[in-house]
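One structure is given below, encoded as structure tokens.
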Amino acid sequence: MALDAILINKITDSLQDILPCRINKIYQISKTEILFHLKTSQGKKQLIISCHSIYNRINLTNRSYPTPEEPGNFIMVLRKYLEGASILRIEQVSLDRAIMMDVSFRNDIGDRLNWKLSVELMGKYANVILINDQDRIVDALKRIPPFENNVRTIHPGAVFKPIQRQDRKDPFIEKSYDPSIPLTKQFLGFSPLLEKEVKYRIDNGESFADIMQKIKQSNKLYVASSNNEALFHCIELKHLKNNKSYDINEGFDIVYYHLEEKDRIKQLSGDLFKFVKKQIKHYSNKLIKLNEALDEALNCEILKTYGDLLYTYNINDTKGQNSIELENYEDGKMIKIPLDPKLDGKANANKWYNKYRKQKKAKSYI
17 MALDAILINK ITDSLQDILP CRINKIYQIS KTEILFHLKT SQGKKQLIIS CHSIYNRINL
77 TNRSYPTPEE PGNFIMVLRK YLEGASILRI EQVSLDRAIM MDVSFRNDIG DRLNWKLSVE
137 LMGKYANVIL INDQDRIVDA LKRIPPFENN VRTIHPGAVF KPIQRQDRKD PFIEKSYDPS
197 IPLTKQFLGF SPLLEKEVKY RIDNGESFAD IMQKIKQSNK LYVASSNNEA LFHCIELKHL
257 KNNKSYDINE GFDIVYYHLE EKDRIKQLSG DLFKFVKKQI KHYSNKLIKL NEALDEALNC
317 EILKTYGDLL YTYNINDTKG QNSIELENYE DGKMIKIPLD PKLDGKANAN KWYNKYRKQK
377 KAKSYI
């Protein structure tokens, strides 16, 4: 399942404990995943950001990840500006599925610059965008040129436009709700799963305000299973059975790691399959040509015969002729010998001798 904004709110809260922190290294795990190695007051930490269309997330992780040998252009941009930078603030944007990070670093001449890193976790539109102090986009993991979206262009040099705030109420402020309107339509941050759980609890005697208070105080991730799918949220899913609780960052690792690992392997193996398929086609075509060349090489004795006959009959004046017929002294049959009209008899004979030697030598190699 995809993250809702309330879960992102809890993750953002959990990340406050590591601030301020220093970005030591930035790695690309896959086409949609970025791993930050951080130095914090609590020691070294890893922050993973995934912009996968289904498994998008952000959380601290203790897992080990493979890193491609050749990072993408955006990762190189991040390394240029943010390796050695400090993350000063991490804040959710308007209880939406977006997080804004304030990063500070010194440029080549020592001036202090304060830029932003926007992490947007909205399904297929998930993205990471680097923004300079002029509110212009330096680069993004997924570029969106004007001809694809003229309302919100995500492209180097474009002015960064924040995500438009939705016209819904904040569930952490409101004490009541309208039972005639779906909670996903009334409140910011609600997903269908959370709405189902809140309604189940209300039907069993809990108040909306009490449920939101429990969500606000929670620092856990509760994971349950339904139809072989992992469902999770920051409060126990009482309408489902067999809930297991984890630290919120650890929980995301447990839920997403193997799912993303399968997709990561598919991405990496996809390039391998493409390469192997190309090579199979190349060698299949080459095999046909080699077999043809082998047939010629196996019959190369006829080339020597051509040369022998041209010398035996002392053929000289062949310029302008494409072929000549001579009697084979071995069996008495006439043989048609192809000629190069630009060459005389001896030159044609030498040409056939050279080709004979070449094919005889090539026979063993082929």
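In terms of my numbering, the sequence shown has 311 at position 295, counting the first letter as 1, and numbering is strictly consecutive. Backbone N, C-alpha and C define an ideal beta-carbon position, used for all residues, glycine too. Computed from a prediction, not measured in an experiment: that's the story for all the values here.
| query | result |
| --- | --- |
| Contact under 9 Å by Cβ, Y273 with T28 | no |
| G336 burial status per 10 Å Cβ neighbour count (16 or more: buried) | exposed |
| Same chain only: Cβ atoms within 6 Å of E276, ignoring 5 sequence neighbours per side | Y71 |
| Other residues of its chain near G139: CB distance less than 8 Å, five sequence neighbours each side excluded | A18, S69, I70 and N72 |
| Which of helix, strand or coil DSSP assigns to P354 | strand |
| At least 3 beta-carbon pairs within less than 8 Å: the stretch 163-172 vs the stretch 200-217 | no |
| Cβ neighbours of N265 in the same chain (closer than 8 Å, five flanking residues each side left out) | I27, S30, N75, L76 and T77 |
| Segment limits, beta strand (DSSP E) that includes D149 | First-last for D149: undefined, no H or E at that position. |
| Boundaries (first-last residue) of the alpha helix (DSSP H) holding D324 | E317 to T328 |
| Residues of its chain near P161, where Cβ-Cβ distance is below 6 Å and the 5 sequence neighbours each way are ignored | H171 |
| Span separating the alpha-carbon of S242 from that of S196 | 27 Å |
| CB contact flag (I106, I115, <9 Å) | yes |
| From N130, V135 and R184, residue whose alpha carbon lies closest to that of I64 | V135 |
| Beta-carbon separation (whole angstroms), Y238 vs I251, contact threshold 8 Å | 6 Å |
| Simplified DSSP assignment, three categories, for Y345 | coil |
| S207 and D33 closer than 9 Å at C-beta | no |
| Span separating the alpha-carbon of H255 from that of E213 | 6 Å |
| Stretch pair the stretch 366-374 + the stretch 312-332: three plus CB contacts closer than 8 Å | yes |
| Closest by C-alpha distance to Y43, when choosing among G59, I91, K60 and K282 | I91 |
| Distance between S57 and L146 (C-alpha atoms, nearest Å) | 25 Å |
| Among E343, Q375, S110 and L54, nearest to P187 - alpha-carbon criterion | S110 |
| Residue from K230, K377 and S80 whose Cα sits closest to the Cα of E312 | K377 |
| 4-residue-minimum alpha helix (DSSP H) runs that sit fully inside the stretch 187-258, ordered along the chain | 199-202, 208-219 and 224-233 |
| Environment of Y329 [buried if 16+ CB atoms lie within 10 Å] | exposed |
| Residue environment, I331, which counts as buried when at least 16 other CB atoms sit within 10 Å | buried |
| DSSP three-state assignment for I45, whether helix, strand or coil | coil |
| Assigned exposure category for K61 - 16 Cβ within 10 Å defines buried | buried |
| Helix, strand or coil at F163 [DSSP, three-state] | coil |
| Sub-9 Å separation of D356 and N364 beta-carbons | yes |
| Beta-carbon gap between L157 and V144 smaller than 9 Å | yes |
| C-beta contact flag for D269 and S46 at 9 Å | no |
| Pairwise C-alpha distance: I382 and L306 | 7 Å |
| Residues bridged to T56 [DSSP beta-bridge criterion] | G59 |
| For K41 and D127, the rounded distance between their alpha carbons | 21 Å |
| Secondary structure, alpha helix (DSSP H): runs of 4+ residues fully inside the stretch 87-132 | 89-98 |
| Three-way DSSP call (helix, strand, coil) for L76 in this model | strand |
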